[in-house]
Amino acid sequence: MEKGSASSSPETEKTPQATSSTKILTGTSVIVAYAVQCDNCYKWRKMENEEHFEEFRCNHSADPFVCNKLSGTTCEKPADISFDSSHVWVMDKPNIPKTPKGFKRIATLRSDYSKVDVQYLTPQGKKIRARPGMMDYLQEHPECGPISPSDFSFEAPKVMRDTVPKHVVNNPASSTKKKRKLK
Numbered sequence: 001m002e003k004g005s006a007s008s009s010p011e012t013e014k015t016p017q018a019t020s021s022t023k024i025l026t027g028t029s030v031i032v033a034y035a036v037q038c039d040n041c042y043k044w045r046k047m048e049n050e051e052h053f054e055e056f057r058c059n060h061s062a063d064p065f066v067c068n069k070l071s072g073t074t075c076e077k078p079a080d081i082s083f084d085s086s087h088v089w090v091m092d093k094p095n096i097p098k099t100p101k102g103f104k105r106i107a108t109l110r111s112d113y114s115k116v117d118v119q120y121l122t123p124q125g126k127k128i129r130a131r132p133g134m135m136d137y138l139q140e141h142p143e144c145g146p147i148s149p150s151d152f153s154f155e156a157p158k159v160m161r162d163t164v165p166k167h168v169v170n171n172p173a174s175s176t177k178k179k180r181k182l183k
């Protein structure tokens, strides 16, 4: 999946909507790469794994990512991956807390590409979809240690619409359409 160097096109420049981190999803909602954008050269760098990605994401404001934080990488090296429509990109907001040990944050792209749903998988295998559920779970499982509901973010990553396949209808999901009342 190596893409070579990034050009100086607008897609490699930092824009107000872009954050420092992203997940690239295919149509089957499988994450194929975790990447962060350099705060100096704006090139995208692939992360080794989700945990490495979360380290940079959770500290972004206090300690922005730069290429030389990765061993053997500098801003002079070509980008690891280019922001393009070969995959659907979703952008996490910066400073989302790192997922507590034993839990897994799951981001699922809806089949109509309208949004991403976030849930957490607990150490016992239970899926939790919202903060109230996490509050209840942590009260019921004090063995999880000193974890608070604020250690979890259910905020959905933003789907980058310009990377969604052209054949997808850009209408909102039918489940979110308001039904009109007939008079």
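Under the UniProt record's numbering, think of the first position of the sequence shown as 1, with each following residue one higher.
Ideal Cβ placement from N, Cα and C applies to all residues, glycine included.
Find out if the Cβ-Cβ distance for the pair residue i, residue j is shorter than 7 Å.
i	j	result
Cys-58	Pro-97	yes
Tyr-137	Ile-128	yes
Asp-80	Pro-157	no
Pro-149	Met-160	no
Pro-123	Gly-145	no
Could you work out which residue in the options is closest to residue i when comparing CA atoms only?
i	options	result
Trp-44	Lys-77, Lys-158, Glu-50, Lys-166	Lys-77
Asn-95	Arg-105, Glu-50, Leu-70, Ser-61	Ser-61
Ser-86	Glu-143, Glu-48, Val-32, Cys-41	Val-32
Glu-50	Asp-63, Glu-140, Ala-35	Ala-35
Val-30	Gln-139, Leu-109, Gly-125	Leu-109
Pro-100	Met-47, Tyr-120, Asp-84	Tyr-120
Please report the straight-line C-alpha distance between residue i and residue j, rounded to a whole angstrom.
i	j	result
Arg-131	Phe-154	7 Å
Phe-56	Asp-151	16 Å
Cys-75	His-52	19 Å
Val-118	Ala-107	5 Å
Ser-71	Gln-37	16 Å
Arg-105	Val-90	15 Å
Ser-82	Glu-54	20 Å
Glu-140	Lys-126	13 Å
Residue i lies in the beta strand (DSSP E); which residues open and close that run?
i	result
Met-91	88-92
Arg-57	Segment 50-58 is the alpha helix (DSSP H) holding Arg-57; no beta strand (DSSP E) there.
Thr-108	104-109
Gln-37	31-37
Lys-46	44-46
If you measure from the CB of residue i, is any heavy atom of the ligand ZN nearer than 6 Å?
i	result
Phe-65	Ligands displayed in this structure: none; no statement on the ligand ZN is therefore possible.
What first and last residue would you give for the alpha helix (DSSP H) that runs through residue i?
i	result
Leu-70	Segment: none, Leu-70 is in no alpha helix (DSSP H) and carries neither H nor E.
Tyr-120	Careful: Tyr-120 lies outside any alpha helix (DSSP H), inside the beta strand (DSSP E) at 116-121.
Arg-131	131-140
Could you pull out every residue in the same chain whose Cβ sits closer than 7 Å to the Cβ of residue i, ignoring the five residues on either side in sequence?
i	result
Tyr-113	Val-88, Val-159, Val-164, Val-168
Lys-115	Ala-156, Val-159
Kindly list the residues whose CB is nearer than 8 Å to the CB of residue i, restricted to its own chain and excluding five residues on each side of it in sequence; keep chain order.
i	result
Ser-175	With a pLDDT of 45 at Ser-175, under the threshold of 50, the modelled position of this residue cannot be trusted; read the value that follows with caution. Around Ser-175: no qualifying Cβ.
Asp-162	Ser-85
Compare the C-beta of residue i with all C-beta atoms of chain D and state if any pair is closer than 7 Å.
i	result
Ser-111	Considering every chain present, this structure includes no chain D. It has just one protein chain.
Give every residue of the same chain whose Cβ lies closer than 6 Å to the Cβ of residue i, excluding the five residues on either side of it in the sequence, and list them in chain order.
i	result
Cys-41	Cys-75
Met-1	Any reading at Met-1 must be qualified, since the residue scores a pLDDT of 24, below 50, and its modelled position is unreliable; no value is offered.
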